[in-house]
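Here's the structure, in structure tokens; my notes come after.
Protein chains: 2
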Amino acid sequence: MTRHVYRFGGGQADGHADLRDLLGGKGANLAEMNGLGLPVPPGFTITTAVCSHCQAHDGSYPEGLEKEVEQALEAVEAMTETEFGDPVRPLLVSVRSGAAASMPGMLDTVLNLGLNDATREGLAASSGDARFAADSHRRFIQMYGNVVLGVSHRMFEDVLDEVKFAKGAELDTDLSAGDWLAVIERYRALVLDETGEPFPEDPRAQLWGAVGAVFGSWSNARAVTYRELHGLDHAGGTAVNVQAMVFGNMGEDSCTGVAFTRDPSTGEPSYYGEFLPNAQGEDVVAGIRTPRPLTAGAVVDAEAPPMEVAMPAVYAELTAAFTRLETHYRDMQDIEFTVQKGKLWILQTRNGKRSTKAALRIAVDLANQGVISRAEAIRRIEPERLDQLLHPTLDPAAHTRVIVRGLPASPGAASGIAVFSADEAERRGSAGEDVVLVRSETSPEDIHGMHAARGILTNRGGQTSHAAVVARGMGRPCVVGAGELVINHDTRSAKALSSSFAEGDLITIDGSTGAVMLGKVPTISPELPDAFHELMGWADSIRTLRIRANAETPVDAETARRFGAEGIGLCRTEHMFFDGERILAMRQMIMAENAEERRAALARIAPMQRQDFVELFRIMAGWPVTIRLLDPPLHEFLPANLDELGEVAARAGLDAEALRRRATELAEANPMLGHRGARLGISYPEIYDMQVQAIFEALHETADAPVELEIMLPLVFSRTEVNVLRSRIAHVAEAVTAATGWTPSYTVGTMIELPRAALAAGSIAESAEFFSFGTNDLTQTTFGISRDDAGRFLAGYLDAGVFAVDPFVSLDAEGVGELIQIAAARGRAARPDLKLGICGEHGGDPASVAHCHAWGLDYVSCSPYRVPIARLAAARAAVESRDGTPDSAD
Amino acid sequence: MTRHVYRFGGGQADGHADLRDLLGGKGANLAEMNGLGLPVPPGFTITTAVCSHCQAHDGSYPEGLEKEVEQALEAVEAMTETEFGDPVRPLLVSVRSGAAASMPGMLDTVLNLGLNDATREGLAASSGDARFAADSHRRFIQMYGNVVLGVSHRMFEDVLDEVKFAKGAELDTDLSAGDWLAVIERYRALVLDETGEPFPEDPRAQLWGAVGAVFGSWSNARAVTYRELHGLDHAGGTAVNVQAMVFGNMGEDSCTGVAFTRDPSTGEPSYYGEFLPNAQGEDVVAGIRTPRPLTAGAVVDAEAPPMEVAMPAVYAELTAAFTRLETHYRDMQDIEFTVQKGKLWILQTRNGKRSTKAALRIAVDLANQGVISRAEAIRRIEPERLDQLLHPTLDPAAHTRVIVRGLPASPGAASGIAVFSADEAERRGSAGEDVVLVRSETSPEDIHGMHAARGILTNRGGQTSHAAVVARGMGRPCVVGAGELVINHDTRSAKALSSSFAEGDLITIDGSTGAVMLGKVPTISPELPDAFHELMGWADSIRTLRIRANAETPVDAETARRFGAEGIGLCRTEHMFFDGERILAMRQMIMAENAEERRAALARIAPMQRQDFVELFRIMAGWPVTIRLLDPPLHEFLPANLDELGEVAARAGLDAEALRRRATELAEANPMLGHRGARLGISYPEIYDMQVQAIFEALHETADAPVELEIMLPLVFSRTEVNVLRSRIAHVAEAVTAATGWTPSYTVGTMIELPRAALAAGSIAESAEFFSFGTNDLTQTTFGISRDDAGRFLAGYLDAGVFAVDPFVSLDAEGVGELIQIAAARGRAARPDLKLGICGEHGGDPASVAHCHAWGLDYVSCSPYRVPIARLAAARAAVESRDGTPDSAD
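In the order they appear, the protein sequences are chains G and V.
Numbering of the first sequence is given in our numbering, commencing with residue 16 and proceeding in unit increments.
Numbering of the second sequence is given in our numbering, commencing with residue 16 and proceeding in unit increments.
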């Protein structure tokens, strides 16, 4: 005979986790917890097969079901020493649906089933709380009346409001036991009115009514639609779970509580939780009584002793359950429990939510205990979560008043005096002041000010605007697009809706939330816990992808090394041309009439550029350093605003009119696709000559502990460009050797950032020793989307489902990814030892890092502050490509 | 025994064309002409094997060579009835090098070898011209002295200058026979001085000296370098050709002349040429005597009868040779001949240069005569050459004064009064005046003025600037980038270096040469010869690629049909939004605050747009018409110059400040990669809704003779975009059906103009019924080059060999082409009947058309004026893919 009812309770169960199809998810889980020997309130599951039978037979049950239910009920009665319908020791049950796949739309839960006037008295007596019993009763009628009998919830609420109004009561808690009894009477009248039938008083009638309603709900419109949308089988059916109610308010030997098996904010392996004696869960929620701790801390409050002291036996049983649960689920658990008359019942357990710090500690501890593998520990931490450990955060205890909100563009909090120009930022910053740079938007000529500032605030642009990208690269907190802030650069002040500030005023920004505050809000410095270092060590030993950083300043390079970068994957030399003297020389170079004049202007920059490289090389001694030759179009070095030209011209000793003419001449319709990168190198060979010479001279100066030098050509699309430029590099190298007698060791490679370059990778690789995929530009050209202009339609494209995710944030595997794979395959076919990496924003995105691992790249390079994230992401990718994706992460 | 010497002459030859490796190119060709029975001056070839032997044996000749040469010389003497070294009837010869592959750097030619004091007298006697004989002698010494004996050419010239100075002579022709004899003496003294040896007087010594010099020149530095650069074999060696000299100045039964076997300017099948009795070739060049015609025209000048009359027997022999040559070479020949004492000698024959008109006529005639196949006739015409037939040209007889030159940007000549604004062009144009629009540069808002003008002139931009591209599309003559022209739009005048003109002055431009002239220069209207139509008919029957046109105006559509376009492949609807009223409504639409206001503004454009389509559909009845929905970013519809905003605002009834704000808001960093195409359609669905409705209504109105409607979505990169937009199109179609009871028949397809679209073509094709490759944008995104900005480095890239040809002119087969092939393959795999075409500038480029044929596309679409070129190019591609590429085209 087919079994229709599976019992569980007393640490045993008829079913087990694998019977999910038959018992539904909830039923299988209850069986599993019982199988662990945990004290779960007993009950039984009516199988999904019964549901299918009902569907097929006009709602009639299979033969023998009633008897099986009756026997299962008896077993529950025996285990709980109660009886269904008994007025003294009444058994109350919950009835819940539960299909194999979770599904909204079906009948959810009926609690306290079994209550009627008689059993309510029993509940009142055993709990010593008539009001509680009456409230439970009226709740049951309301819930049952609604979900089983179909009476509108609103109608019950109206009745309740009327009674409260009549009593002059504001809150439910203002009503007495007697009041609730009156509500019960009126509820019953309502049900009779609405359904034409009296509310069922017989517990068995209540039970079968609820069971029928659960099965019926399988076919209601919402559930059917849901299954259709999600391609689920209509034949599957739902199971019905019937489980004994337990109560923590049955006297001083009863209680209710919640517990974490470890500290969810620190991850320390100490029980963490609280309980309320002689109380129901609602009492905890209501906050009327103060819960007590589970364990004895340094001091024990004698008036309100911890559970460890107050109920030592039950406490021992509870902590034994903790261990069993952690061992079984191999993770920190968040547990709800109730003690009814000295008997412990575990109501629910699940993996507990935790802070990042705790997540690290727990994963590392579990691995060290041998509960999980190191690989599993790595898999437990979402790399993105590390970000919050790496930046200062606002002190949560501090009082804050947010005057305006923008977009969170670069995480961390920063306070400082507001300044409205990059020059002022640099002036005050180098004088030792903490400044926050406030600009409408930023451009490359603001870089020195951004470096000098603690944080950056703009009222324009999105999360991929210049300010955002550069700030993330520098690890500076940044808020962008605070549109309600009106910035006046003339008066050097800014106005929000209800507040304003001027240059010199202290402000605070939170780049993790986008909040802008007046004054200095205390912040907490990031402190990397031991578990972080331990886990990152494991990650490093497991990953195969190397992680480098994008850096050009000594500060960034040092940050990168501190965070574990294995060299520099992208040193953007143009960032070295904006500071002080250099921008003047750069502008003279741009204004030069011929190569001779250009060379003269460049000669003034050369020693500074060489010194930059010397510093960088010292920090990165022994590691690879990829230096990209000048990339941006020349007009980026002229003031963006033509109005500023006069001032600039005066400072640079140039003719304003000539400068204006040159600026107009250099202006481009689409600078992204303009005269930049290798195109500059071919048009003005003297620029790259100067850079390459400075690089070689710096390498010579640091020859005692040299870096592994890689010279990178930007924006090429053909082998010929590489040939032309690398022969000039060789020429400079020969000249340096001739002058010094020392021969530089270096390789030459290219950015692959144009579709044409990816397609021509086979021939390019014949002349290039490495490729670095410039995924920012490659994404721009592959999609034909300018990152600077995408803001206007990106949101719409995400809404319309054209993008699942912003392709500038996470690599487009289908399109851009195919080009990367084509280039990698063709490049390696031509040159088997070709080194492959990516640089750009995607290098710090965990999903993109996983792709790079899968595509067989050698390294990714990202902002210094993203290095730990990339290291962990690379390790996860290695684990997952080895072990497969886990069923459930974290 | 190996033969070292191959003889030819008297209509016979030892060798033939296939012995190229042994006889060299020149020797093999001489053998071939003899093989045809043509009267070629006799001679012999010393093989390349002899050269190799010399190389290997320190310059010594193989055994028996001298004897073979002696015998060959005797044969020549016999045929020419002369004798080498004979003072009465001296044999003179030329000596030339000739390797298998032509190669600069080797000894070229020694003429009149065999002359000395004795033989010179014989020459003087037989020619009756002592001065000629002496001049020939001194030329021989000079040539031999230089190339064989290594005396500097300069030194001989110095001697000549001294003699001329002493005689007070200015020109060589001022010198008498006696003077030349003096020069000869001084030349001999010079050679003795310089070489230490007297100049060789013995003809045999001269001959062996020359032969040795030819073989030696195989190893000179220039020839060696050339072979290394071109990967030629150093072992190959050169042959030496020794050929009898013949003279046309040996009396009245002698002459010299040139002839074309057909008329090289019209292609008519009548002999065309001239001759000079008793003269050498130099006399023709010197222009002292007037040559006479070969054939008798309407009138015969009795004083100077044509050759047909003067020398009927030789004339008959000559014309017989014409026929033999044309039959053999299967093409019109350009022939040099000499008659020496009544004996005809053919000196040279080659395929004759001809005008395009003649080329067509000749190819068609030859095919109709069965000399060549129709396929070969097609192969004979470079499609690009047709361009000059399709546009008006300046009357060559007219007097012109060019005041400034720009770049030729769109072919044809045009005269009209200069106007300096698009509005003025439209006003005067619609009043019936011919105008030439003069602007610094043009932008989309000038389109109506460009339409109204006969020609366009700018002083900025290159051949792919807006003005150039649009003018070519419209078939308007256009000169761009006339940088020396200073245009003042305020005073409405322009100033060149030495002239100026103002609004209302007549000017003429020649878009084929870039010339700008004052006044009205007479032009000749294009007249398509019958042969053009006949050849195009053959082309149409042979080609498999369909040819459509890019057109949006009725004028363009009619031009396209007249030139044989098989439908419209690209109707750019944005061009319809710039005229008069529409731009105002468009600007109101752009200023609208919400969809409602946008719809109201669009409703004003709708009836005009519908009418546009009605006209287009009537012209194209029965043909496919691809309509591209709005593509450019909205800011293109606002004035490019912010200064003009006030005026524009006033005219449109808009608030100037609001308009300025909106313009700033819409401004883009990289408009090419901005908010345009499908992105606009998704952001502002009401724009496409209006367009689609107008299209369907127009289709309804022309339902009696409908076009094959194809609606095209621009700038997509994913199937989702297509799905979103095509469901809206379906929605509009349903609404039209609901309103009219008529159901539109249409297909929906996409531009493939982004690398991402090409890669995602498989999934896009599931939702698109056709692809049109937008090769302009695809080239921009694949290379990462903005066409508008490329001018600054394009020339440098062509110089450096990065580009073999501008990729915006001719498709980049390697990169862009691979993307096209990927998209075609994936698209057809997903949808086997997917229609594939290209639109854009490349559609009219013959090389690109050939690629499209090879890649299996269904059609190309190009400017109306390029349609014949594309038809012919498609036919050539079909022929060549069938028959292979010919050895020599045209």
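Ideal Cβ placement from N, Cα and C applies to all residues, glycine included.
Here the structure is a predicted model, which means the values were calculated and not measured.
Check	Outcome
Does the structure place the stretch 448-466 of chain G close enough to the stretch 416-436 of chain G that three or more beta carbon pairs sit under 8 Å?	yes
When you compare each of G:Thr473, G:Thr523, G:Lys41 to valine 907 of chain G by their alpha carbons, which one comes out closest?	The question about residue 907 of chain G has no answer, for chain G in this structure spans 16 to 905.
Any idea what DSSP makes of lysine 368 of chain V, helix, strand or coil?	coil
From the DSSP output, read off the bridge partner residues of threonine 9 of chain G.	Because chain G spans 16 through 905 in this model, residue 9 of chain G falls outside it and cannot be assessed.
First and last residue of the alpha helix (DSSP H) that includes proline 770 of chain G?	770-774
Does any CB atom of chain V fall closer than 8 Å to the CB of glycine 689 of chain G?	yes
Spell out the partners DSSP gives glutamine 348 of chain G in its beta bridges.	G:Asn366
In three-state DSSP terms, what is threonine 908 of chain V?	Only positions 16 to 905 of chain V appear in the structure, and residue 908 of chain V is not among them; the question remains open.
For chain G, is any of its Cβ atoms less than 8 Å away from the one on proline 218 of chain V?	no
Using C-beta distances below 6 Å, list every residue in its chain close to valine 707 of chain V, excluding the 5 sequence neighbours before and after it, in chain order.	Ile744, Val747
Looking only at C-alpha atoms, which of G:Gly357, G:Ala220, G:Thr364 sits nearest to arginine 345 of chain G?	G:Thr364
Count the other C-beta atoms from every protein chain shown that fall within 10 angstroms of the C-beta of tryptophan 360 of chain G, then say buried if there are 16 or more, exposed otherwise.	buried
What's the C-alpha gap between proline 306 of chain V and proline 321 of chain V?	9 Å
Since glutamate 829 of chain V meets chain G, which of its residues come closer than 9 Å, beta carbon to beta carbon?	Ser733, Arg771, Leu774, Ala775, Ser778
Tell me the start and end of each unbroken beta strand (DSSP E) in the stretch 78-152 of chain V that is at least 3 residues and wholly inside, in chain order.	108-114, 124-128
Starting from glutamine 355 of chain V, follow its DSSP beta bridges and name the residues at the other end.	V:Lys358
Between the stretch 801-828 of chain G and chain V, which residues of the former have CB atoms less than 8 Å from a CB of the latter, in chain order?	Ser801, Asp803, Asp804, Arg807, Phe808, Gly811, Tyr812, Ala815, Gly816, Val817, Asp827
Residues in the same chain with beta-carbon distance under 6 Å from arginine 400 of chain V, minus the five sequence neighbours each way, listed in chain order, please.	Thr371
So with CB distances below 7 Å, who are the chain G contacts of arginine 694 of chain V?	Phe808
What residue does the beta strand (DSSP E) around proline 292 of chain V start on, and which one ends it?	287-292
Should proline 883 of chain V be labelled buried (16 or more other beta-carbon atoms within 10 Å of its own) or exposed?	buried
As an exercise, report each continuous alpha helix (DSSP H) stretch of at least 4 residues that is fully enclosed by the stretch 219-250 of chain G, in chain order.	236-245
Nearest-angstrom Cα distance between glycine 552 of chain G and arginine 558 of chain G?	10 Å
What residues from the stretch 494-512 of chain V come within 8 Å of chain B, judged by C-beta to C-beta, listed N to C?	Although the question refers to chain B, the structure presented lacks it and instead comprises the protein chains G and V.
Could you tell me whether the Cβ of threonine 790 of chain G comes closer than 8 Å to any Cβ of chain V?	no
For glutamine 221 of chain G, which residues in chain V fall below 7 Å Cβ to Cβ?	Residues of chain V passing the Cβ test: none, with the nearest at roughly 50 Å.
Could you check which residue in V:Met118, V:Val198, V:Cys270, V:Gly227 has the C-alpha nearest to that of arginine 237 of chain V?	V:Met118
Who are the neighbours of serine 698 of chain G on chain V, taking C-beta pairs under 7 Å?	Phe808, Gly811
List, in chain order, every chain V residue whose beta-carbon is nearer than 7 Å to that of leucine 906 of chain G.	Residue 906 of chain G cannot be examined here, being either before or after the span of chain G that is shown, 16 to 905.
Hey, is the stretch 458-468 of chain V in contact with the stretch 525-544 of chain V, meaning 3+ C-beta pairs nearer than 8 Å?	no
Rounded to whole angstroms, what is the Cα-Cα separation between glutamate 581 of chain V and valine 495 of chain G?	54 Å
Which whole-angstrom value is the C-beta distance of tryptophan 870 of chain G and isoleucine 835 of chain G, which I expect to be below 8 Å?	6 Å
Under a three-way DSSP split, which group does asparagine 256 of chain G fall into?	strand
In three-state DSSP terms, what is isoleucine 800 of chain G?	coil
Is the stretch 56-71 of chain G touching the stretch 88-95 of chain G in the sense that three or more CB pairs, one from each, lie closer than 8 Å?	yes
Kindly indicate if chain G contains any beta-carbon less than 8 Å away from that of proline 647 of chain V.	no
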